[in-house]
Structure formats: C-alpha cells, structure tokens
Amino acid sequence: NAGVMQNPRHLVRRRGQEARLRCSPMKGHSHVYWYRQLPEEGLKFMVYLQKENIIDESGMPKERFSAEFPKEGPSILRIQQVVRGDSAAYFCASSPTFKSYNEQFFGPGTRLTVL
Amino acid sequence: SQQGEEDPQALSIQEGENATMNCSYKTSINNLQWYRQNSGRGLVHLILIRSNEREKHSGRLRVTLDTSKKSSSLLITASRAADTASYFCATAMDSNYQLIWGAGTKLIIKP
C-alpha cells in the first residue's frame, strides 16, 4: 500500500508565475489536508478537503491560493502569482475519516522556492 | 496561534544519553502526536497518545501526557546519531480535524 504521494518534490518558480502542487492520498483515504511549513517553524493548517468538497479552508490565504480534490485524480493546491513569501514546504496528509483520533499520514512534501 | 510549544527549542547531547523534549498546549485535546522530521525531509509519525492515556512506549521512545498540566514529554533513551532531527508535537482537539503544531525541538546527537 503506497503512502501519500506528492509531486513535484521540489518546485522553483519566478515571482508572478503559478505553482501547482499535487497530492495523491493513500488508497482508501478520502480526506486530504494541506499544511504549510515556513523555515524553522511548525506546520500550519491550510485546508481540508473531501472528494469534490472543500470542508474547511480557514487556514488558506484569501487571495491567490485555491485547492481542489476532484472525483478522479489527485488533490491540487494552486498558488497563483507567487511571491517570495510563498517559499515554504507544503505537506499533504490523508486519513480514512475526519475523526481526530485517526492518524494523518503525511506525504514527503513539496518544497517551493520563489525566485 | 500555535497550540503546542516545544521546549527546549534546541538540544545537543552525546550519543548514548537520553533526550527529553516537552510540549505544552492550551486547550482540551482528543490526542497528542509526536513527529520527527529530518532536515529538509518529510514527517515521520512516532506516537499518538490519547487524552485518557498517561504513558505510551514504542521501542526507545516513551511519551507521557499530563492533561491537568496540558503538557507532554517525549523521552528518547540511548540516543543514536540517527536520532538527530527536529521533533514536533501536534494536537488534535475533540471534533476537530486540524492538527495544530508546535515550532519543534531541534535535537542534535553528537557522536
């Protein structure tokens, strides 16, 4: 059973470009979470999605950021018109249910560098 | 704001010694989890301890939870160079799916 997969592992973008980060949850998991980690900091919750639904995006910046989890295919975190402050590691996690006692399984992360 | 705060921020010990890291949090929780992150890498889940548990073991790891003090500790016994990493605690609250993270403890094991 493959773990959570994220790609690309490293992404370099120039200011103003778009960044697309992909996350494939573990088999059988229909709940996906995105977190952002700035250098030397802990993770910050961004968004929680189920298939075709955004459940909670309270941690996501109001502008330029969007997320989706379509019926088929991976979850996508999209950052438009990237700025230097978007440089961070973006982690995706998945779980079989939303219940808090379920462990969230993390992917290896995508490290975004904005030049 | 951060729910968890790890203490100390950084810890450097000799190989073979025990390492203890602490985590404090602010609100009621369903469970508390410890993760390890090697430099520039992903997160490895170490232990989950529920709010009705006081202590849990996994190999050389021992986690305690004191809900009255809203604190947890992670003890790594007989440390090895490979234990060098950052260690994070993350809390999950009742009926809440967000994991709320501390800033981590950077552990360095000197050979």
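Protein chains in written order, with my numbering: chain A, 1 to 115; chain B, 1 to 111. The beta-carbon is built from N, C-alpha and C at its ideal position, and this holds for glycine as well. Since the model is a prediction, treat every value here as computed from it, not as a measurement.
Note the first and the last residue of the continuous beta strand (DSSP E) segment covering residue i.
| i | result |
| --- | --- |
| L61 (chain B) | L61 to D66 |
| F88 (chain B) | A85 to A92 |
| T110 (chain A) | T110 to V114 |
Could you pull out every residue in the same chain whose Cβ sits closer than 8 Å to the Cβ of residue i, ignoring the five residues on either side in sequence?
| i | result |
| --- | --- |
| Q2 (chain B) | For Q2 (chain B), the predicted model reports a pLDDT of 47, less than 50, meaning its position is unreliable; a value from the coordinates is still stated below. Within the same chain, Q2 (chain B) has close Cβ partners I100, W101, G102 and A103. |
| E52 (chain A) | F69, P70 and K71 |
Rounded to whole angstroms, how far is the Cβ of residue i from the Cβ of residue j, which I believe are closer than 8 Å?
| i | j | result |
| --- | --- | --- |
| G85 (chain A) | M5 (chain A) | Not a contact, Cβ separation roughly 27 Å. |
| T110 (chain A) | R9 (chain A) | 6 Å |
| S66 (chain A) | R78 (chain A) | 5 Å |
Does at least one heavy atom of the ligand GDP sit under 8 Å from the Cβ of residue i?
| i | result |
| --- | --- |
| A90 (chain B) | The ligand content of the structure shown is nil, which means the ligand GDP is not present either. |
Since residue i meets chain B, which of its residues come closer than 7 Å, beta carbon to beta carbon?
| i | result |
| --- | --- |
| G28 (chain A) | Going along chain B, no residue has its Cβ under 7 Å from G28 (chain A), so there is no contact; the nearest lies around 17 Å. |
| E41 (chain A) | A103 |
| G109 (chain A) | G42 |
Could you work out which residues of chain B lie near residue i, taking near to mean beta carbons separated by less than 9 Å?
| i | result |
| --- | --- |
| Y90 (chain A) | Correct list: empty, because the minimum Cβ distance to chain B is about 11 Å. |
Compute the distance between the beta-carbons of residue i and residue j, then report whether it is under 9 Å.
| i | j | result |
| --- | --- | --- |
| N30 (chain B) | A90 (chain B) | no |
| L49 (chain A) | S75 (chain A) | yes |
| W34 (chain B) | L11 (chain B) | no |
| F105 (chain A) | G3 (chain A) | yes |
| S73 (chain B) | N22 (chain B) | yes |
Got a sec? Which residues, its chain only, sit under 7 Å from residue i by beta carbon, not counting five neighbours each side?
| i | result |
| --- | --- |
| A85 (chain B) | R36, Q37, N38 and L107 |
| P61 (chain A) | none |
Under 8 Å between beta-carbons, which chain B residues line up against residue i? List them in chain order, please.
| i | result |
| --- | --- |
| F45 (chain A) | Q98, L99 and I100 |
Which residues of chain A have a Cβ atom closer than 7 Å to the Cβ of residue i, listed in chain order?
| i | result |
| --- | --- |
| L43 (chain B) | F91 and F106 |
| L75 (chain B) | Those do not exist, as L75 (chain B) stays about 20 Å from chain A at its closest Cβ, beyond 7 Å. |
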